[in-house]
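Engineer:
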Amino acid sequence: MGKKDKPKKINLEDLGGFVFSTNPDFEPPVDDTEEFLDPSEQLLLCHFEKKGRGGKQVVIIKGFEGPEEQLKELGKELRQHCGVGGSAKNGEILLQGNVRDKAMDKLKSLGYGTKRIGG
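In terms of this note's numbering, the numbers along the sequence shown are unbroken and rise by one, the last being 131.
1) Going by DSSP, name the residue or residues bridged to residue 108.
2) What would DSSP say about residue 127, mapped onto helix, strand or coil?
3) Out of 94, 96, 128 and 105, state which residue places its alpha-carbon closest to the alpha-carbon of residue 73.
4) Out of 91, 38 and 47, state which residue places its alpha-carbon closest to the alpha-carbon of residue 71.
5) Starting from the C-beta of residue 83, find all residues in its chain whose C-beta is less than 6 Å away, skip the five residues before and the five after it, and write them out in chain order.
6) With C-beta atoms as the reference, is residue 69 less than 8 Å away from residue 109?
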């Protein structure tokens, strides 16, 4: 049997956990409701770093739980409030400069819990 003749492997997760149903009216359950934590239920950790960045100071905010769009929006709001550059990706917000106190004040005003880590 050559490579072309071999049956394709089917990933059961792609099928939603079932293979076949004899019920003609069967509808697989749809779970579109994603639940995200309210800002008051989240604890964001504000790290201060300058190692491995050529001596430049940065504030890294970790612990955000929610969609990537909300993370980018929060990052934009913090950058504008602090008047600095930065980025928001992979569940972290990076702010250039030592603006941790300003960022923590803004996060508290938005209803987030914050905690200082390092420096």
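Every residue, glycine too, gets a C-beta built ideally from N, C-alpha and C. None of the values given here were measured: they were computed from a predicted structure.
Structural biologist: The structure says:
1) Mapped onto the sequence shown, residue 108 falls at position 96. 70, per the DSSP bridge assignment.
2) Counting from 1 along the sequence shown, the entry for residue 127 is found at position 115. It is a strand residue.
3) Position 61 of the sequence shown, counted from the start, is the residue given in the question as residue 73. Nearest of 94, 96, 128 and 105 to residue 73, Cα basis: 105.
4) Position 59 of the sequence shown, counting from 1, holds the residue named residue 71. Of 91, 38 and 47, the residue nearest in Cα terms is 91.
5) Against the sequence shown, residue 83 aligns to sequence position 71. So the list reads 76 and 100, once near-sequence residues are dropped.
6) The residue labelled residue 69 in the question sits at position 57 within the sequence shown. The residue labelled residue 109 in the question sits at position 97 within the sequence shown. In contact: residue 69 and residue 109 (Cβ atoms closer than 8 Å).
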